[in-house]
Amino acid sequence: MNENVIIADASFVDGVAFDLIVNFERMLERRIPQADMARWAECIALDGGLRQGEHQTVVILTHDKNLSEMKNFAPGRFDDLNGMAFNGNLGEFSFSTPNGEGFVDKDELFLDTLQTVLQQDSVKRVMVIPSDAIYNKVRDVLRQADDNKRITVFSMSPQAGGHFQQEILGYSLMAALGIRGEEIEVKGEK
Numbered sequence: 000m001n002e003n004v005i006i007a008d009a010s011f012v013d014g015v016a017f018d019l020i021v022n023f024e025r026m027l028e029r030r031i032p033q034a035d036m037a038r039w040a041e042c043i044a045l046d047g048g049l050r051q052g053e054h055q056t057v058v059i060l061t062h063d064k065n066l067s068e069m070k071n072f073a074p075g076r077f078d079d080l081n082g083m084a085f086n087g088n089l090g091e092f093s094f095s096t097p098n099g100e101g102f103v104d105k106d107e108l109f110l111d112t113l114q115t116v117l118q119q120d121s122v123k124r125v126m127v128i129p130s131d132a133i134y135n136k137v138r139d140v141l142r143q144a145d146d147n148k149r150i151t152v153f154s155m156s157p158q159a160g161g162h163f164q165q166e167i168l169g170y171s172l173m174a175a176l177g178i179r180g181e182e183i184e185v186k187g188e189k
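Under numbering that gives the first Met the number 0, think of the first position of the sequence shown as 0, with each following residue one higher.
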């Protein structure tokens, strides 16, 4: 297992990206492209405390068996992403897209994956993006986590605390969607 792990509920993240696209297209009066998957993964890693260097990070995108893609990301097809890797300023990122093969639903898969990752001694940094529906269960799992692991949970608004740091998911998605802060400031002044 890699030292750095990002675990994300793919349909939740895709839904948030869709909401941002719709809202910012109206606000900025321009087309917003699909989110750049590599850019998003790097932004999540940065928000999770990773800094420039030769790191190894695995991005695990859990999803339902009947879901084949993240429609608001490029690339977004799970078959294309699974096993894909890229190198960036933060090292190598590789993707895994498990779906439970019909044996468990996506929420159970997410929680099982999180517990497995937390048990690995080699894992030092975990970035977690759960759906709002299972946030409390994730918080309960993280209470049992080893103190030696740096854990960051991402959501769209601050949540009741736990044994982890918190970051706002929207910032990484805005960067991946090509939305710049100065655009928002200029539109806000008009």
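Backbone N, C-alpha and C fix where the C-beta goes; we use that ideal spot for every residue, glycine too. Treat the numbers as computed from the prediction; the structure is a model and nothing was measured.
Beta-bridge partners of residue i, as assigned by DSSP
| i | result |
| --- | --- |
| E184 | Looking at the DSSP assignment, E184 forms no beta bridge with any residue, so it has no partner. |
| S67 | None; S67 has no bridge partner. |
| T115 | Looking at the DSSP assignment, T115 forms no beta bridge with any residue, so it has no partner. |
| R124 | N3 and R149 |
| S93 | V57 and A84 |
Three-state secondary structure (DSSP) of residue i
| i | result |
| --- | --- |
| N135 | helix |
| G169 | helix |
| V103 | coil |
| G14 | helix |
| R30 | coil |
| D79 | helix |
| L60 | strand |
| V4 | strand |
| M155 | coil |
CB of residue i within 8 Å of CB of residue j, strictly
| i | j | result |
| --- | --- | --- |
| V152 | Q165 | yes |
| N81 | T96 | yes |
| D8 | I150 | no |
| L49 | N3 | yes |
| L172 | A73 | no |
| L89 | Q51 | yes |
Own chain, CB closer than 7 Å to residue i, minus 5 neighbours either side, in chain order
| i | result |
| --- | --- |
| P157 | Q165 |
| R38 | A174 and A175 |
Contacting residues, own chain, Cβ-Cβ under 8 Å from residue i (five flanking each side not counted)
| i | result |
| --- | --- |
| E182 | L27 |
Contacting residues, own chain, Cβ-Cβ under 6 Å from residue i (five flanking each side not counted)
| i | result |
| --- | --- |
| G99 | L108 |
Review point. On the three-pair Cβ rule with 8 Å, is the segment 21 to 28 touching the segment 167 to 184?
Key: With the cut-off at 8 Å, the segment 21 to 28 and the segment 167 to 184 touch.
Review point. Between the segment 6 to 23 and the segment 128 to 141, are three or more C-beta pairs nearer than 8 Å?
Key: yes
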